[in-house]
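Asks: What the sequence shown shows, in my numbering, is residues 507 to 638, in sequence order.
To start, I am sharing the structure in question, which I have written as structure tokens.
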Amino acid sequence: MWIKLRVIAVLCVGILLMSCDNGPTVTDARAVFEKMWQKEISSGQVKVTRFDKVDGVAGELLGVPVYSMQYAAEITWPKGNDIGCGQGPLANPMYPCKTRAIGQKEEFNGTIGFQKTENGWQGEIQSNTKVN
């Protein structure tokens with residue numbers, strides 16, 4: 507009898523834990539942000555030194571769970587660089603070429619849009635704005 511009650515209790519706790527999905531984690535969002543800087547991170551040019559969730563909102567679109575997360579992030583240029591002149595995530599005609607000093611920090615605010623898939627939450631950058 508006690509064994510049956512234990513099995514039932516374990517099953518109930520397992521079901522409750524599986525049903526509690528509060529959306530993507532900050533780790534999920536940081537991975538999306540870092541993917542944008544993948545080339546620079548892998549070459550040691552950039553290091554993500556801070557990534558924080560600012561706000562988030564869950565919803566549903568055509569029956570698919572979605573989540574929008576606002577973030578604040580900071581990157582550091584450990585070696586300095588002159589990226590932004592035709593390469594990397596900052597490369598665009600509206601962004602001037604800029605040499606970065608060794609250890610220079612830059613802050614970004616943005617939004618990552620997620621959707622729930624069979625393989626978990628999948629996200630992509632919706633906006634990314636340099637604030638300093």
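Glycine residues also receive a C-beta, built at the ideal position from the N, C-alpha and C atoms.
Being a predicted model, the structure only gives us computed values, none of them experimental.
Give the list of continuous alpha helix (DSSP H) stretches no shorter than 4 residues that lie fully inside the segment 530 to 558.
Replies: Within the segment 530 to 558, the complete alpha helix (DSSP H) runs of at least 4 residues are 532 to 542, 544 to 548.
Asks: Near T555, which residues of its chain fall below 6 Å by C-beta distance, leaving aside the five closest residues on each side in sequence?
Replies: Stepping through the sequence shown from its first residue, residue 555 is reached at position 49. Excluding positions up to five away in sequence, the list reads E580, T582.
Asks: By DSSP, does A607 sit in helix, in strand, or in coil?
Replies: Counting from 1 along the sequence shown, the entry for residue 607 is found at position 101. Correct three-state label for A607: coil.
Asks: Give the DSSP-derived three-state secondary structure of N587 in the structure shown.
Replies: What you label residue 587 is simply residue 81 of the sequence shown in a count that begins at 1. Correct three-state label for N587: strand.
Asks: Alpha carbon to alpha carbon, how far is A564 from V572?
Replies: Numbered from 1 along the sequence shown, position 58 holds the residue referred to as residue 564. Numbered from 1 along the sequence shown, position 66 holds the residue referred to as residue 572. Near 6 Å, if we compare the C-alpha coordinates of V572 and A564.
Asks: Would you tell me roughly how many angstroms separate the C-alpha atoms of V532 and D561, rounded to the nearest one?
Replies: Your numbering for residue 532 matches position 26 in the sequence shown. Your numbering for residue 561 matches position 55 in the sequence shown. Using only the alpha carbons, I get a separation of about 11 Å.
Asks: Can you tell me the Cβ-Cβ gap for Y552 and I618, rounded? I've got them flagged as a contact below 8 Å.
Replies: Start at 1 with the first residue of the sequence shown, and residue 552 comes out as number 46. Start at 1 with the first residue of the sequence shown, and residue 618 comes out as number 112. In the sequence on display, residue 552 carries Val and not Tyr. Not a contact, Cβ separation roughly 18 Å.
Asks: Out of curiosity, what's the CA-to-CA distance linking S549 and M542?
Replies: Here residue 549 refers to the residue found at position 43 when the sequence shown is read from its first residue. Here residue 542 refers to the residue found at position 36 when the sequence shown is read from its first residue. So the two alpha carbons sit approximately 14 Å from each other.
Asks: Give me the Cβ distance between A578 and N634, rounded to the nearest whole Å; I'm assuming they're in contact under 8 Å.
Replies: The sequence position of residue 578 within the sequence shown is 72, counting from 1. The sequence position of residue 634 within the sequence shown is 128, counting from 1. So it is not a contact: roughly 11 Å between Cβ atoms.
Asks: L655 to K611, Cα distance in whole Å?
Replies: An answer regarding residue 655 cannot be provided, because it is not within the stretch 507 to 638 covered by the chain.
Asks: Let me make sure I understand the geometry here. Which of E624, T623, Q621, P584 has the alpha-carbon closest to that of W605?
Replies: Your numbering for residue 605 matches position 99 in the sequence shown. In the sequence on display, residue 605 carries Thr and not Trp. For the residues E624, T623, Q621, P584, the minimum Cα distance to T605 belongs to P584.
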